[in-house]
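Novice: The structure is given below, and queries will be raised subsequently.
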Amino acid sequence: HAMQNFTESRGESTGDEIWLLEHSPVFTLGLAGKAEHVLDPGAIPIIRSDRGGQVTYHGPGQLVAYLLLDLHRLGLGVRQLVERMEESVIALLGDYGIAAGRKLRAPGVYVAGAKIAAVALRVKRGASYHGLALNVDMDLEPFSRIDPCGYPGLAVTQIRNLGVRDSIEEIGDRLLKRLSESIASPKVF
Numbered sequence: 028h029a030m031q032n033f034t035e036s037r038g039e040s041t042g043d044e045i046w047l048l049e050h051s052p053v054f055t056l057g058l059a060g061k062a063e064h065v066l067d068p069g070a071i072p073i074i075r076s077d078r079g080g081q082v083t084y085h086g087p088g089q090l091v092a093y094l095l096l097d098l099h100r101l102g103l104g105v106r107q108l109v110e111r112m113e114e115s116v117i118a119l120l121g122d123y124g125i126a127a128g129r130k131l132r133a134p135g136v137y138v139a140g141a142k143i144a145a146v147a148l149r150v151k152r153g154a155s156y157h158g159l160a161l162n163v164d165m166d167l168e169p170f171s172r173i174d175p176c177g178y179p180g181l182a183v184t185q186i187r188n189l190g191v192r193d194s195i196e197e198i199g200d201r202l203l204k205r206l207s208e209s210i211a212s213p214k215v216f
């Protein structure tokens with residue numbers, strides 16, 4: 028709830044921030060999320076979220092970036108922000124020689140048809156929160172217990188499986204650099 032509190036209490040002069048973190052294992056259902064897309068949660072908790080989108084999994088080894096931005100001040104629309112987030116991940120993967128791209132009507136970033144990053148936002152009073160989740164070096168098994176982003180059988184992948192050995196911290200630093208270049212120059216935590 029920290030990012031919601033930040034967003035609700037921010038004023039015109041509040042600086043933009045990007046928060047980078049890893050979550051404990053959790054399935055999150057977005058505003059469009061349908062319970063039937065959670066096939067077999069087992070012991071992993073399911074949490075309703077006020078972000079856009081369907082169901083996804085977060086867990087250790089996945090880099091989550093929350094983008095707390097004043098879109099009016101940046102002159103960005105929601106679609107532009109989503110595109111810039113996706114472009115940042117595509118550029119980051121390109122730094123490692125990994126060819127990645129988008130899919131029509133399926134937000135996120137894909138490598139050879141497998142999803143490597145999910146994107147989901149919420150905007151209130153012109154300010155964004157939530158953001159993106161990039162699979163780095165995690166247990167991908169829980170994705171088999173859901174229809175990721177509402178797509179039955181959607182394949183997922185991660186940076187580690189594509190031959191990159193950098194730590195999640197190193198990849199996080201590179202992601203922040205790419206996001207900052209693409210969007211603005213917010214304070215980073």
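Under my numbering, the first residue of the sequence shown is numbered 28, with each subsequent residue one higher. Think of the CB as a built atom: it goes at the ideal place given N, C-alpha and C, for glycine as much as any other residue.
How many whole angstroms separate the CB atoms of GLY88 and ASP164, which I take to be in contact at a CB cut-off of 8 Å?
Specialist: Taking the sequence shown and counting its residues from 1, one reaches residue 88 at position 61. Taking the sequence shown and counting its residues from 1, one reaches residue 164 at position 137. Going by Cβ atoms, the distance from GLY88 to ASP164 rounds to 4 Å, so yes, they are a contact pair.
Novice: If contact is defined by three or more beta carbon pairs under 8 Å, each pair taking one atom from either stretch, is the region 108–126 in contact with the region 53–70?
Specialist: The answer is no - the region 108–126 does not touch the region 53–70, with fewer than three Cβ pairs under 8 Å.
Novice: Does the pairing of the region 96–105 with the region 138–156 give three or more beta-carbon distances under 8 Å?
Specialist: The region 96–105 vs the region 138–156: in contact.
Novice: Count the other C-beta atoms from every protein chain shown that fall within 10 angstroms of the C-beta of HIS85, then say buried if there are 16 or more, exposed otherwise.
Specialist: Looking up residue 85 in the sequence shown gives position 58. So HIS85 ends up on the buried side.
Novice: With DSSP as the reference, please indicate the residues paired to GLN185 in a beta bridge.
Specialist: Locating residue 185 in the sequence shown gives position 158, where the first residue counts as 1. Answer is none; GLN185 lacks a bridge partner.
Novice: Report the rounded CA-to-CA distance for PRO72 versus VAL53, giving the unit in angstroms.
Specialist: For the purposes of this step, residue 72 is identified with residue 45 of the sequence shown, where counting begins at 1. For the purposes of this step, residue 53 is identified with residue 26 of the sequence shown, where counting begins at 1. Going from the Cα of PRO72 to the Cα of VAL53 covers about 5 Å.
Novice: Look at the Cβ atom of LEU119, then the Cβ atom of ARG201, and state whether they are nearer than 9 Å.
Specialist: On the sequence shown, residue 119 is found 92 positions in, with the first residue counted as 1. On the sequence shown, residue 201 is found 174 positions in, with the first residue counted as 1. Yes; because the gap between Cβ atoms is below 9 Å, this pair is in contact.
Novice: Run through DSSP, which three-state label would HIS85 get?
Specialist: Counting from 1 along the sequence shown, the entry for residue 85 is found at position 58. If DSSP states are grouped into helix, strand and coil, HIS85 belongs with the strands.
Novice: Assuming ILE71 is part of the beta strand (DSSP E), what are its boundary residues?
Specialist: If you number the sequence shown from 1, residue 71 lands on position 44. Element bounds for ILE71: n/a, residue is neither H nor E.
Novice: Report the partner residues of ILE159 according to the DSSP bridge assignment.
Specialist: Reading the sequence shown from its first residue, position 132 is the one you call residue 159. Residue 159 is actually Leu in this sequence, not Ile. DSSP lists ALA92, VAL146 as partners of LEU159.
Novice: Does HIS28 pass the burial test, meaning 16 or more other C-beta atoms within 10 Å, or should it be called exposed?
Specialist: As a position in the sequence shown, residue 28 is number 1, starting the count at 1. It counts as exposed.
Novice: By the 10 Å Cβ neighbour count, where 16 or more other Cβ atoms means buried, how is ASN162 classified, buried or exposed?
Specialist: What you label residue 162 is simply residue 135 of the sequence shown in a count that begins at 1. With 16 or more other Cβ atoms within 10 Å, it is buried.
Novice: Cα separation between VAL105 and GLN81?
Specialist: Indexing the sequence shown from 1 puts residue 105 at position 78. Indexing the sequence shown from 1 puts residue 81 at position 54. C-alpha separation (whole angstroms): 17 Å.
Novice: Under a three-way DSSP split, which group does GLY128 fall into?
Specialist: Your numbering for residue 128 matches position 101 in the sequence shown. Residue state, collapsed to three classes: strand.
Novice: Here's the rule I'm using: 16 or more other beta-carbon atoms within 10 Å means buried, otherwise exposed. How should ALA127 be labelled?
Specialist: The residue labelled residue 127 in the question sits at position 100 within the sequence shown. Buried: at least 16 other Cβ atoms inside 10 Å.
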